[in-house]
Amino acid sequence: MTEVWWQDELQKPAIEGARFLPVGLGRSYGDSALLAEEDGVMKSISRAGRLVGFDDETKVLEVEAGCSLGEILKWCVPRGYFLPVVPGTQKVTVGGAIANDIHGKNHHESGTFGRWVVSFDLFRTEGGWVSCSKSENRDLFEATIGGLGLTGVLGRVRLRMHALQGEGLVEQETVRFDSLREGTEILSGLDRRYPMTVAWIDMASKKMGRGVAMGGRFVEGECPRSKRKGISVPFDAPSCLLNRSAIRAFNTVYSATRHPGVERLPFEKYFFPLDGVENWNRLYGARGFLQYQCVVPLHAISALSELQRKIADSGQGAFLSVLKKFGPLSSPGLLSFPMSGWTLAMDFAMEGAATLSLMKKLDGVVREVGGRLYPAKDARMSGEFFREGYPQWEELEKLRDVSITSRFWERVRT
Ligand SMILES: Cc1cc2nc3c(=O)[nH]c(=O)nc-3n(C[C@H](O)[C@H](O)[C@H](O)COP(=O)(O)OP(=O)(O)OC[C@H]3O[C@@H](n4cnc5c(N)ncnc54)[C@H](O)[C@@H]3O)c2cc1C
């Protein structure tokens with residue numbers, strides 16, 4: 197991997213002739229941010245990540261695409277602004293957020309990250325820098341949002357920010373439920389009252405389907421800053437640590453310690469709990485884990501129970517499972533993952549053929565109801581399933597930068 201510090205380094209002849217892939221902080225779980233050595237060079241853009249300017253009147257922030265969301269929040273929260281959409285970690289770049297058109301807990305209220313992008317500069321190996329917005333090079337603008345980094349290298353980005361109520365303190369209401377069906381009803385109710393909602397679901401223990409739904413909103417009040425340093429997992433855990441019974445036990449303990457009621461917490465704890473544990477992925481041991489994130493249309497709610505049944509039958513439990521209802525707001529992105537419906541994200545410890553076979557069965561359920569998987573989290577779906585879920589993939593292929601490809605793209609486009 198090579199690092200790009202300045203946008204000038206992208207100019208010819210620096211990358212002429214070589215196949216490459218621009219990457220951010222590598223927080224995508226699958227292979228969309230990977231390129232095999234024999235296929236080209238991965239170019240990390242995260243060093244080219246400067247804050248450029250902010251217009252108070254229009255609330256538009258200009259940054260280089262390598263800037264992390266964490267850096268932006270550090271600057272904007274004390275000034276009364278917040279990013280319009282954040283994922284479950286602040287350790288991602290603006291470039292990565294656009295290329296996967298990320299979603300957050302507020303999808304029902306604010307849609308995806310791409311909806312808040314006003315314009316950007318895109319470096320293409322043939323043609324150099326191109327300005328893209330809804331009114332300029334619209335085809336490239338739309339193909340780049342959710343375009344998996346394939347249309348060119350993002351340079352400067354203009355992004356509309358949210359005015360923040362308070363200093364970053366979040367009020368969270370927690371409600372328990374006993375079944376998946378009840379969870380979806382509670383989430384729908386919370387969506388009407390809160391701008392941010394999400395549910396954790398037990399997909400491992402004997403009481404599968406129970407969980408806790410959480411609604412959140414920013415409130416006025418002093419936001420305590422945590423003085424405790426985060427913890428770190430120094431090496432790969434032995435594979436026995438997250439075996440099936442340990443995963444079941446974790447889900448039971450997690451469920452027992454989530455108390456219904458209302459509490460107030462700093463935004464970092466509310467949005468980014470995993471960021472407090474450095475290298476948390478090592479808990480899965482050397483074989484790692486696979487995340488399965490699907491979305492199924494609203495009317496196909498029974499598919500969620502079918503997924504749960506298949507997981508129970510397999511005897512493999514998911515360590516962390518998160519349910520969220522996507523709202524109807526559409527994204528400008530050509531290949532955006534979210535659609536109005538239910539999205540379920542589940543982490544499975546990698547057990548080889550057994551895990552892959554379970555996921556194939558889950559694919560069958562999602563395909564049957566017209567759902568799809570999130571490329572940012574995928575390392576294994578078939579090309580056929582991808583192309584079925586994202587019929588506009590051919591338009592992206594036409595606009596793809598001639599020098600750019602990824603392992604994911606080589607795997608799914610044929
Ligand atoms: C703990 C955790 C929680 C998460 N929660 C969520 C969530 O709630 N919602 C959600 O949507 N996602 C979530 N994600 C996924 C994450 O937000 C995305 O994978 C994001 O794209 C990662 O950004 P990155 O900077 O690490 O980019 P990378 O993973 O390095 O790259 C992602 C894509 O961006 C492209 N790219 C990066 N920089 C550029 C550039 N300058 N120009 C052009 N293309 C570029 C790459 O080619 C690649 O296709 C989560 C990930 C983690 C680890």
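Residue numbers for the sequence shown follow the working numbering, beginning at 197 and rising by one. Built from N, CA and C at the ideal position, the CB exists for glycine as well.
Can the beta-carbon of L265 be found closer than 7 Å to that of V248?
-> no
Ligand 1 heavy atoms versus the CB of R352: any closer than 6 Å?
-> no
Bridge partners of T285, per DSSP?
-> Beta-bridge pairing links T285 to no other residue.
Would Q489 pass as a contact of K557 if the rule is Cβ separation under 7 Å?
-> Their beta carbons are not under 7 Å apart, which means Q489 does not touch K557 by this criterion.
Could you name each continuous alpha helix (DSSP H) segment of 4 residues or more that falls completely within the segment 316–360, going from the start of the chain to the end?
-> 334–340
Examine ligand 1 and report whether any of its heavy atoms sits within less than 6 Å of the Cβ of P218.
-> yes
Counting pairs of beta carbons, one from the segment 515–534 and one from the segment 558–567, are three or more of them closer than 8 Å?
-> no
Does any C-beta atom of chain D lie closer than 7 Å to the C-beta of Q207?
-> Of the protein chains in the structure, only one exists, and it is not chain D.
Look at the alpha carbon of V326 and the alpha carbon of V608, and state the distance between them as a whole number of angstroms.
-> 27 Å
Flag this pair as yes or no: are the beta carbons of D543 and F515 separated by less than 7 Å?
-> yes
Please classify D227: does DSSP put it in a helix, a strand, or coil?
-> coil
Within its chain, find whatever has a CB closer than 7 Å to the CB of R389; leave out the 5 residues flanking it on each side and keep chain order.
-> G411
Determine the DSSP secondary structure at I397, reduced to helix, strand or coil.
-> Correct three-state label for I397: strand.
Please report how far the alpha carbon of R320 lies from the alpha carbon of T370, in whole angstroms.
-> If I take the Cα positions, the gap works out to 47 Å.
Between the Cα of M197 and the Cα atoms of T453, G351, L530 and D235, which residue gives the shortest distance?
-> For the options T453, G351, L530 and D235, the alpha carbon positioned closest to that of M197 is the one of D235.
Tell me which same chain residues have a C-beta within less than 8 Å of the C-beta of W202, skipping the five on either side of it?
-> A244
Name the two residues that bound the continuous alpha helix (DSSP H) containing W476.
-> First-last for W476: undefined, no H or E at that position.
Is Q504 helix, strand or coil when you go by DSSP?
-> Helix at Q504.
G310 and S527 closer than 7 Å at C-beta = Yes, they are a contact pair.
Would you mind working out which of L595, W605, R603 and S602 sits nearest E322, comparing C-alpha positions?
-> L595
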